[in-house]
Amino acid sequence: MAIQPETKHPFLLYAAAGFFCLYLLYSQITLYLSRRRIIRQNGCQPLVHRINKDPFFGLDVIAENRKLGSEKRFLPCAEQRFYRLGVWTYGSRIFGESFVVTAEPENIKTVLSTKFKDFTLGVREHYFKSLLGHGIFNSDGEKWANSRHLLRPNFAKDQLADLEAFERHMKLMLKAIPKDGSTVDLQELFFRLTIDSATEFLFGHSTNSLKYMDVDDENNEDTIFAKAFNEAQHEIVQNVRLGGLSFFRSQKRAKHVNRICHEYVDKFVDDAIRSRERRDLEKDAAMKQTKYVFSHELAKQTTDKKALRDELINILLAGRDTTASLLSNMFFEISKKPYIWAKLREEVAQLEGRLPTYEELRNLKYLKWCLNESLRLHPVVPGNSRLAIRDTVLPLGGGPTGKSPLFIPKGTVVGYSPYTMHRRTDFYGPDATAFKPERWEHLRPGWEFLPFNGGPRICLGQQYALTEASYVTCRLVQEFKGCESRSEGGWVEQLTLTVASDKGAKVSLTPA
Ligand code: HEM
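Note that the sequence shown ends on residue 527 in the working numbering; no numbers are left out.
Right, here's the structure in full:
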């Protein structure tokens with residue numbers, strides 16, 4: 016006898032399907048009504064300007080972005096899109112996902128501060144978690160709040176950066192600079208210096224990559240780590256660029272280099288926990304006098320090894336390339352304008368050859384203008400984004416002029432561009448694209464200057480970074496009476512997780 020399918024209660028099946036359809040209809044209607052109310056209450060106007068011709072997949076935009084990236088013209092061309100459309104907020108759609116891109120300070124303030132809780136980091140966690148786990152840079156909500164709470168006290172110290180340690184690394188860097196005026200790429204040295212100083216600050220042990228720069232010791236674990244850390248970031252960048260297609264990319268290499276990074280950091284985590292145990296055991300007052308080591312301070316607050324590793328590696332990533340990129344971009348620019356070096360020499364002369372103290376560094380006004388100007392013209396985090404996790408509203412971007420409030424449905428990615436915003440002539444004048452430190456004499460910008468982000472997630476290492484960059488610059492200015500560019504043409508982007516100079520910072524330095 017043939018088996019009959021279960022047809023005893025078809026009525027129940029139809030009823031369930033009917034209820035489900037009704038439920039869908041009901042939710043769509045309530046969603047529509049709630050959105051209409053938000054739009055009316057806030058006077059929102061529709062988003063008029065969009066960049067993609069392919070309205071669903073945005074294949075034209077994807078292709079254009081890839082081309083501009085490979086030609087190292089992504090940032091200026093992305094800036095041009097705003098000028099082409101004549102507005103500071105536009106939309107696009109890529110693989111069915113909606114994007115709103117803005118260079119309006121008021122919108123950015125809304126996303127990062129006023130309506131902070133309406134947004135998360137979006138896809139960042141997915142791409143970064145194999146290296147970063149769930150540390151501060153890579154988490155949202157309660158997890159992020161816990162990380163921030165854990166780390167913040169360690170950044171609150173007034174004189175966090177250790178000038179003596181900077182000087183030790185600086186001496187090694189100075190040794191690597193030719194004194195006969197031949198060309199040197201400072202960018203390479205800055206990247207070595209910042210990983211050496213950051214690892215010393217975080218782990219109490221430096222990678223010493225400047226010390227061993229001529230020795231290619233393949234068995235030196237510090238060298239292996241420094242290389243693996245660079246490669247791990249490269250792997251992330253490749254995956255981010257491919258987006259959803261990264262699913263088809265082999266992750267074997269990424270896994271290998273991530274493992275090297277984790278094992279290296281784990282040694283210092285164990286060390287920090289042992290140091291805490293010794294301290295607890297001995298209650299040794301003398302230990303309180305020992306040198307400040309970030310990981311040891313963290314281990315006083317938690318002994319969760321995974322949490323410690325994640326936070327340390329997050330801070331290394333957030334703090335290393337950023338400071339090196341700032342220095343490289345700035346030296347690219349100032350080496351093109353000898354008058355700037357002369358002014359810096361004049362300012363630094365007040366130290367009469369002594370090493371600067373914190374107080375003295377802070378008072379080097381012209382040096383601060385140079386750093387600000389570099390962060391303005393070449394913000395090392397030139398673009399960023401957040402994902403709307405509920406329906407919300409931006410103050411600007413709606414209507415043909417983009418000056419009306421704009422409704423942002425849940426699931427929209429809001430991209431923002433400090434690069435474009437920092438070059439707006441209505442904020443910085445007709446010479447906005449020129450490197451001119453003097454403009455800082457009268458500038459007091461608000462949200463239109465955003466190199467370190469703003470709101471609850473503002474960069475924790477801002478003071479550390481500015482102290483390190485000021486120290487390095489001040490020492491170079493003291494040691495060399497001339498700094499001349501050895502690169503042709505203008506600055507070109509080298510866009511990875513941050514933006515450095517594609518031509519490096521090739522200069523000739525004349526000893527004082
Ligand atoms: C010129 C140097 C630097 C620049 C331009 C910079 C910029 C930024 C920016 C734009 C963000 C926000 C990222 C986001 O939320 O999407 C950020 C976050 C962060 N930065 Fe920096 N940074 C610099 C140096 C440093 C240094 C030296 C450290 C640590 C020693 C550091 C630690 C952090 C941390 C921990 C966060 C995450 C904060 C959070 O999400 O709550 N940064 N930084």
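Glycine is no exception: its CB is placed at the ideal position from the N, C-alpha and C atoms. Model, not experiment: these values are computed from the prediction.
Whole-Å CB distance - residue 269 paired with residue 152, under 8 Å assumed: The residue you call residue 269 lines up with position 254 of the sequence shown. The residue you call residue 152 lines up with position 137 of the sequence shown. Actually they do not touch by this definition, with Cβ atoms about 18 Å apart.
Proximal residues to residue 344 (C-beta, below 6 Å), its chain only, five neighbours per side dropped: As a first step, residue 344 must be located in the sequence shown, where it is residue number 329. Within the same chain, residue 344 has close Cβ partners 389, 393 and 516.
Simplified DSSP state of residue 513, which is helix, strand or coil: Residue numbering aside, residue 513 sits at position 498 when the sequence shown is read from its first letter. Reduced to three states, the DSSP call for residue 513 is coil.
Minimum C-alpha distance to residue 382 - residue among 493, 83 and 238: For the purposes of this step, residue 382 is taken as the residue at position 367 of the sequence shown. The shortest C-alpha separation from residue 382 is found at 493.
Residue span of the alpha helix (DSSP H) that contains residue 92, given as start and end: For the purposes of this step, residue 92 is identified with residue 77 of the sequence shown, where counting begins at 1. Note, residue 92: alpha helix (DSSP H), 89-100.
Alpha-carbon to alpha-carbon, residue 310 and residue 287: Taking the sequence shown and counting its residues from 1, the one referred to as residue 287 is at position 272. Taking the sequence shown and counting its residues from 1, the one referred to as residue 310 is at position 295. When rounded, the distance between both Cα atoms is 6 Å.
Residue nearest to residue 448 in terms of C-alpha spacing, selected from 505, 63 and 144: Taking the first residue of the sequence shown as position 1, residue 448 is located at position 433. It is 505.
Rounded separation between residue 473 and residue 175 - CA only: Taking the first residue of the sequence shown as position 1, residue 473 is located at position 458. Taking the first residue of the sequence shown as position 1, residue 175 is located at position 160. Between residue 473 and residue 175, the C-alpha separation is close to 17 Å.
Meets three-Cβ-pair contact criterion under 8 Å: the stretch 249-258 and the stretch 311-320: Taking 8 Å as the limit for Cβ pairs, the verdict is that the stretch 311-320 does not touch the stretch 249-258.
Complete runs of the alpha helix (DSSP H) confined to the stretch 393-444 [at least 4 residues]: 433-436 and 440-443
Whether residue 134 touches residue 401 by CB criterion (8 Å): Here residue 134 refers to the residue found at position 119 when the sequence shown is read from its first residue. Here residue 401 refers to the residue found at position 386 when the sequence shown is read from its first residue. The answer is yes: Cβ separation under 8 Å.
C-alpha distance - residue 501 paired with residue 437, whole-angstrom precision: The residue given as residue 501 occupies position 486 in the sequence shown. The residue given as residue 437 occupies position 422 in the sequence shown. Whole-angstrom Cα-Cα distance: 27 Å.
CA-to-CA distance, residue 503 to residue 211, given in whole angstroms: As a first step, residue 211 must be located in the sequence shown, where it is residue number 196. As a first step, residue 503 must be located in the sequence shown, where it is residue number 488. If I take the Cα positions, the gap works out to 30 Å.
For residue 105, the first and last residue of its enclosing beta strand (DSSP E): Within the sequence shown, the letter at position 90 stands for residue 105. Taken as a continuous stretch (DSSP letters only), the beta strand (DSSP E) holding residue 105 covers 104-109.
Nearest neighbour of residue 479, chosen from 331, 289, 81 and 512 [CA to CA]: Reading the sequence shown from its first residue, position 464 is the one you call residue 479. Of 331, 289, 81 and 512, the residue nearest in Cα terms is 331.
Any non-hydrogen atom of the ligand HEM within 7 Å of residue 510 CB: For this step, residue 510 is matched to residue 495 along the sequence shown. No, the beta carbon of residue 510 sits no closer than 7 Å to any heavy atom of the ligand HEM.
Opening and closing residue of the beta strand (DSSP E) in which residue 175 lies: The count along the sequence shown starts at 1 and reaches residue 175 at position 160. Per DSSP, residue 175 lies in no beta strand (DSSP E) and is assigned neither H nor E.
heavy atom of the ligand HEM below 7 Å from residue 391 C-beta: Position 376 of the sequence shown, counted from the start, is the residue given in the question as residue 391. Outside the cutoff, so no.
Residue 307: CB within 7 Å of a non-hydrogen atom of the ligand HEM: Taking the sequence shown and counting its residues from 1, the one referred to as residue 307 is at position 292. No; taking the cut-off as 7 Å, the Cβ of residue 307 has no heavy atom of the ligand HEM nearer than that.
beta-carbon residue 434 near the ligand HEM non-hydrogen atom, thresh 7 Å: Translated into positions along the sequence shown, residue 434 becomes position 419. It does not: the Cβ of residue 434 is nowhere closer than 7 Å to a heavy atom of the ligand HEM.
Test: residue 489 CB closer than 8 Å to a CB of chain C: Structure shown: chain C not included; a single protein chain is present.
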